[in-house]
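Asks: Below you'll find the structure I mean.
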Amino acid sequence: MADPLLSLVVPVFNEEESIDLYLDTVPPLMERDGLRFEIVFVNDGSRDNTLACLLDRATLDPRLRIVNLSRNFGKEAALTAGIDHAKGDVIVPMDIDLQDPPELIEPFMARWREGYDIVYGVRTQRAWDTAAKRLSANWFYRVFNSMSPVRIPENVGDFRLVDRRAVEVLRQLPERNRFMKGLFAWVGFNAIGVPYERPQRAAGSSKFNLWRLWNFALDGVVSFSTAPLRAWFYVGVVIAAIAVLYALFIVTRVLLFGIDTPGYASLLIAVLLMGAIQLLSLGIIGEYLGRLFLEVKGRPIYVVESVYENGDVQAPKS
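Using this note's numbering, the first residue of the sequence shown is number 3, and each one after it goes up by one.
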């Protein structure tokens, strides 16, 4: 393809401080590299002046489009909305804070021209992340890849190039609880990584805290693996085996040595332990049932309030 259209998909939530810097940096870089492009911003229910700032810039550049969601649906839903509305032959989701370096897009395109359908950025270092975030990220990748039949590359975020044919497969996936890293890996196709050093956030502040990251990781595991459910079968087998062995031990002591074993303390501990295990297993089952409940209702992943092109309101895409 001689002159492909590149769609940059940028979800934003309360990012008024980052917009000007992003638009002063990225379009000139794309023009320098000779790329034909559009930028699809998805306003995910921002409560500050994000939408107004985007509209001001969109009136000056027809390559900017704004998908305005009716409320905050979360980054995964916003990213889905952007992908659904992108018109490009290739799509690159990226953050507005420039931690996804736009200089990497040209190497992405070079790999795509070599025949790769998905080209993802691999973070070689995360010096600007806290130690807790780095450790939790490493733990998540190991746990996820050990449990799920779909393996996601380590230290890879949403920043990647995706060919249109892979995008069309993504758009056909019906699930409401979206874990995009897993979905990008699930669709398969010919993929390759490009290493890069992740820079410091250029403007604004992160909207993710440890609690949100924990829930995000939990969504990922539950969406792509039934291993937590299966694990409780084996836990039950182990506990049953321990109980049988302990019962045989007590019977043997009584029959051979006539030693009676007072059991109030051990009985209390056993009851509390079994109660805790049952509650934990019910909680895991509840996570799956809750997601099944949401999927069965069939609500849309997101709701579009308005779409802006050239600063003018367009009919929302159905």
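Don't be surprised by glycine CBs; every beta carbon is placed ideally from N, CA and C.
Out of 92, 30 and 305, which has the shortest C-alpha to C-alpha gap to residue 47?
Replies: 305
Asks: When DSSP labels each residue in this structure, what does residue 98 get in the three-state scheme?
Replies: coil
Asks: Return the chain-ordered ranges of every beta strand (DSSP E) run that is complete within the stretch 43 to 79 and spans a minimum of 3 residues.
Replies: 66 to 71
Asks: Quick check on the burial criterion: 16 or more other C-beta atoms within 10 angstroms. Buried or exposed for residue 320?
Replies: For residue 320, the pLDDT reaches just 49, beneath the cut-off of 50, and the residue's location in the model is therefore unreliable, although a value from the coordinates is still provided. With fewer than 16 Cβ atoms within 10 Å of its Cβ, residue 320 is classed as exposed.
Asks: Per DSSP, what kind of secondary structure is residue 311 in: helix, strand or coil?
Replies: strand
Asks: Taking contact to mean at least 3 C-beta pairs separated by less than 8 Å, is the stretch 139 to 155 in contact with the stretch 65 to 84?
Replies: no
Asks: Looking at residue 169: is its Cβ nearer than 8 Å to the Cβ of residue 93?
Replies: In this structure, residue 93 lies closer than 8 Å to residue 169 by Cβ.
Asks: Work out the CA separation of residue 16 and residue 22 for me, nearest whole Å.
Replies: 13 Å
Asks: What is the DSSP secondary structure of residue 175, counted as helix, strand or coil?
Replies: coil
Asks: Which word fits residue 12, buried or exposed, when buried means at least 16 other C-beta atoms lie within 10 angstroms of its C-beta?
Replies: buried
Asks: Determine the contact status of residue 123 and residue 161, defining contact as a CB-CB distance below 8 Å.
Replies: yes
Asks: Just the Cα atoms here: how many angstroms apart are residue 294 and residue 95?
Replies: 28 Å
Asks: Using DSSP with H/G/I as helix, E/B as strand and the rest coil, what is residue 292?
Replies: helix
Asks: Under a three-way DSSP split, which group does residue 151 fall into?
Replies: coil
Asks: Just the Cα atoms here: how many angstroms apart are residue 84 and residue 9?
Replies: Straight through space, the alpha carbons of residue 9 and residue 84 are spaced by roughly 9 Å.
Asks: For residue 161, which of helix, strand or coil comes out of DSSP?
Replies: Three-state DSSP puts residue 161 in a strand.
Asks: On the DSSP bridge assignment, give the partners of residue 9 in chain order.
Replies: 40 and 93
Asks: Are residue 158 and residue 104 close, meaning C-beta to C-beta below 8 Å?
Replies: no
Asks: Between which two residues does the alpha helix (DSSP H) containing residue 24 stretch?
Replies: 18 to 34
Asks: Please classify residue 297: does DSSP put it in a helix, a strand, or coil?
Replies: helix
Asks: Look at the alpha carbon of residue 303 and the alpha carbon of residue 285, and state the distance between them as a whole number of angstroms.
Replies: 25 Å
Asks: Between which two residues does the alpha helix (DSSP H) carrying residue 184 extend?
Replies: Annotation for residue 184: the continuous alpha helix (DSSP H) segment containing it runs 182 to 188.
Asks: Are the beta-carbon atoms of residue 57 and residue 310 separated by less than 8 Å?
Replies: Against a cut-off of 8 Å, the Cβ pair of residue 310 and residue 57 comes out as a contact.
Asks: When you compare the CB positions of residue 196 and residue 121, do they come within less than 8 Å of one another, or not?
Replies: yes
Asks: How many Å lie between residue 193 and residue 250 at the Cα?
Replies: Taking C-alpha positions only, residue 193 is separated from residue 250 by approximately 56 Å.
Asks: Which first and last residues belong to the alpha helix (DSSP H) in which residue 108 is found?
Replies: Its alpha helix (DSSP H) spans residues 107 to 115.
Asks: Among the candidates 191, 61, 99 and 74, whose CA atom is the shortest distance from the CA of residue 18?
Replies: 99
Asks: Can you have a look at residue 191 and say buried or exposed, based on whether 16 or more other CB atoms are within 10 angstroms of its CB?
Replies: exposed
Asks: Whole angstroms is fine: what's the gap from residue 1's alpha carbon to residue 248's?
Replies: Residue 1 is absent from the structure shown; the chain starts at 3 and stops at 320.
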